[in-house]
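A.B. asks: One structure coming up, written as structure tokens, with questions to follow.
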Amino acid sequence: MPTNGASGVSSATGIFSQQAGKSELGKEDFLKLLVTQFKYQDPLNPMEDKEFIAQLAQFSALEQQMSTNEKMESLLNLQTQQQMISAASFIGKEVAARGYGVSVKGDTISNIQYAINEEMVKGYVNIFDASNQLITTVQLDSKAPGIHDFDWDGLLPNGSKVSDGVYTVNIAGQNSAGAPVLVDTSVSGKVEAVTMYQGDQLLRLSDGRLVALSNVREVVQPKTVEPGDDTDSGDSEDGESGGGDNSDPGETNGTEGSEGSGMQDLYQLLPTIKEKLSR
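Quick note, in this note's numbering, the sequence shown goes up one by one and the last residue is 816.
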């Protein structure tokens, strides 16, 4: 005895859902459902072509969407890997980046720089621990516009020293009118590792602090000393290096001299380069 198509499809849908143990149908379930619909359709009132074509179109769109999602996921994974490889080039280099961390390790406490674009007549520094709990507040003296260093002594209000770790620093201040002053903080250090956290690439500094790769402002190649080169930069400035040669410090110090002359040469060549580009 033929079964009504609608009731047959409804029954089949319930069976497939129960067997699969899920509330949504996948690609295989869709095919089984389509076959079952043909199987249980009423011979005297068969399914119309337009319904069949519409369901095939839905199936095709579903397949294309699944394929697109898989390719997009692969592309994102590849992009992440490429970004990690690119970020690995920072390892071993000194970086300066926007940051808010201060590292405490024994008697060594890293400093943090902050820049203000107007005079700050009143300022304070809130310091938070790893649990984001405020542990102390340090008052700041009046500061002129420019870049300043904040060096924390690592002490709590009761005089005890904090334990080793990384602490978050928040600097705020007011101008003479009592309005907030914009403060921009920056940290620096040698990169030891690259890590990924919630889709963001982070650089781990040698003291344990983390900075976002997107916040890096400056990258500096560590200075290297050639084997057998015992020249001291301080002696060079006093004119005592090279057997008492009192020549210019930039000439006696190979590293600093080459860097300084290189920048001067670049500035001298800029008009020529600009003229050639305009042609």
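Every residue gets a Cβ at the ideal spot worked out from N, C-alpha and C, and that includes glycine.
No experiment lies behind these values; they were computed from the predicted model shown.
With distances taken Cα to Cα, identify the nearest neighbour of Val748 among Phe627, Ile646, Ser700.
C.D. replies: Residue mapping note: residue 748 aligns to position 211 of the sequence shown, counting from 1. Answer by Cα proximity: Phe627.
A.B. asks: So, Gly624 versus Leu750, is the Cβ gap smaller than 8 Å?
C.D. replies: As a first step, residue 624 is located in the sequence shown; it is residue number 87 there, counting from the start. As a first step, residue 750 is located in the sequence shown; it is residue number 213 there, counting from the start. One detail in the question is off: residue 624 reads as Ala in this sequence, not Gly. A contact, by the Cβ cut-off of 8 Å.
A.B. asks: Helix, strand or coil for Val572? Go by DSSP, reduced to three states.
C.D. replies: Position 35 of the sequence shown, counting from 1, holds the residue named residue 572. Of the three classes helix, strand and coil, the one that applies to Val572 here is helix, per DSSP.
A.B. asks: Let's test the definition: count the other Cβ atoms within 10 Å of the Cβ of Met733 and tell me whether it reaches 16, buried, or not, exposed.
C.D. replies: Here residue 733 refers to the residue found at position 196 when the sequence shown is read from its first residue. Classification for Met733: exposed.
A.B. asks: Is it true that the stretch 655–667 meets the stretch 688–707, where meeting means three or more beta-carbon pairs spaced less than 8 Å apart?
C.D. replies: yes
A.B. asks: Short check: CB of Ile646 to CB of Gly691, under 8 Å?
C.D. replies: Position 109 of the sequence shown, counted from the start, is the residue given in the question as residue 646. Position 154 of the sequence shown, counted from the start, is the residue given in the question as residue 691. In this structure, Gly691 lies closer than 8 Å to Ile646 by Cβ.
A.B. asks: Curious, which full-length beta strand (DSSP E) runs of at least 3 residues does the stretch 720–752 contain?
C.D. replies: 720–734, 737–742, 747–749
A.B. asks: Just to confirm before moving on: does the CB-CB distance between Asp744 and Ser640 stay below 8 Å?
C.D. replies: Locating residue 744 in the sequence shown gives position 207, where the first residue counts as 1. Locating residue 640 in the sequence shown gives position 103, where the first residue counts as 1. Yes. Within cutoff.
A.B. asks: When you compare only the Cα positions, how much space is there between Asn606 and Glu755?
C.D. replies: Locating residue 606 in the sequence shown gives position 69, counting from the first residue. Locating residue 755 in the sequence shown gives position 218, counting from the first residue. Approximately 37 Å, taken between the alpha carbons.
A.B. asks: Under 8 Å between the Cβ atoms of Gly629 and Gly660?
C.D. replies: By 1-based counting over the sequence shown, the position of residue 629 is 92. By 1-based counting over the sequence shown, the position of residue 660 is 123. Result no, Cβ atoms of Gly629 and Gly660 do not sit closer than 8 Å.
A.B. asks: Spell out the partners DSSP gives Asn582 in its beta bridges.
C.D. replies: Working through the sequence shown from its first residue, we reach residue 582 at position 45. Note: Asn582 sits in a beta bridge opposite Asp579.
A.B. asks: Asp566 by DSSP, collapsed to three states: which one?
C.D. replies: Looking up residue 566 in the sequence shown gives position 29. Correct three-state label for Asp566: helix.
A.B. asks: With a CB to CB cut of under 6 Å and the five nearest residues on each side skipped, what residues in its chain are close to Val753?
C.D. replies: Taking the first residue of the sequence shown as 1, we reach residue 753 at position 216. Here the set comprises Val632, Ala634.
A.B. asks: Helix, strand or coil for Glu656, going by three-state DSSP, please let me know.
C.D. replies: As a position in the sequence shown, residue 656 is number 119, starting the count at 1. Coil, per DSSP.
A.B. asks: Assign Val718 to buried or exposed, taking buried as 16 or more other Cβ atoms, counted over all protein chains shown, within 10 Å of its Cβ.
C.D. replies: For the purposes of this step, residue 718 is taken as residue 181 along the sequence shown, with counting starting at 1. So Val718 counts as buried.
A.B. asks: Report the residue from Gln578, Ile653, Gln618 whose alpha carbon sits nearest the alpha carbon of Ser679.
C.D. replies: Mapped onto the sequence shown, residue 679 falls at position 142. Nearest C-alpha to Ser679: Ile653.
A.B. asks: Could you tell me whether any non-hydrogen atom of the ligand HEM is closer than 7 Å to the CB of Val720?
C.D. replies: Looking at this structure, you won't find the ligand HEM or any other ligand, since it has none at all.
A.B. asks: Give the DSSP-derived three-state secondary structure of Asn712 in the structure shown.
C.D. replies: As a working note, residue 712 is residue 175 in the sequence shown. In this structure, Asn712 counts as coil in the three-state DSSP scheme.
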